[in-house]
Structure formats: C-alpha cells, structure tokens
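In our numbering, each number is its position in the sequence shown, counted from 1, plus 350. Every residue gets a Cβ at the ideal spot worked out from N, C-alpha and C, and that includes glycine. On a predicted model such as this, the values are computed, not experimentally measured, just so you know. Here is the structure we will look at, set down as structure tokens.
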Amino acid sequence: LGTSICPDEINSRPKTSLNSQLQSNMTPDSGVFALGGLAGIPFVGLSGMKAFMSHGPAPGGKVLIYFGPHVGVSEEGLVGKVSRTGQSSVSSACGA
C-alpha cells in the first residue's frame, strides 16, 4: 500500500480513517509506503516510485496507491471546516 495523503491528523485517526481501514485489511507483515504529503500530492519523484515498486510483491503482484487531497465537513455541515479535539471552534480542514 502506497499512500499520498495530507499528513493532517484528521486523515489518520485510529479505527476511523480510510487509511486505518485499509491498513486493517493488510497482512500483519505488510506496511505503508508514504509517497507524499501536503494536499495529497506525491512528491517522491521517479526514484521514490521505483523504491516503492521494489518493496511490492514479486513480479506479477499488485500494489495499491491511495492518494488525494481531503476536505473536512463540520458537524454543522460546513464544507472545508472540521472540529478538532481540544479546540473550541471549527478550523480549516487543510492549510495547504
């Protein structure tokens, strides 16, 4: 599994994020190869993609690349806003 999602903590909440759900369906000896960062843009370049592919299953195997930006939706339905633990008001889902 290769991921390229924004490192914002709302994307990696244990047991609730899509990233956590994908990892829970992997074998125990599998891992996640981080391909990118802000706004979900992979920034590893050709060398990084080659490194990722060299970590995948034997020839003929399959890999999954999960990528993209994120957008929060507050409990009030405000698109682009999210309630964060410890904050008294909603904030932007992504600052990138």
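Using CA coordinates, which residue listed in Ser354, Gly352, Asp358 and Thr353 is at the minimum distance from Thr435?
The option with the nearest alpha carbon to Thr435 is Asp358.
Could you tell me the boundaries of the beta strand (DSSP E) in which Phe470 lies?
Any question about residue 470 goes unanswered here, given that the chain covers just 351 to 446.
Taking only three categories from DSSP, how would you classify Lys431?
Strand.
Classify Leu414 as buried or exposed, calling it buried when 16 or more other Cβ atoms lie within 10 Å of its own Cβ.
Leu414 is exposed by the Cβ-count criterion.
Is Ala401 helix, strand or coil when you go by DSSP?
Three-state result, Ala401: helix.
Can you give the Cα-Cα distance for Lys412 and Lys431, rounded to whole angstroms?
Between Lys412 and Lys431, the C-alpha separation is close to 36 angstroms.
Is the beta carbon of Pro419 closer than 8 angstroms to that of Ala389?
In this structure, Pro419 lies closer than 8 angstroms to Ala389 by Cβ.
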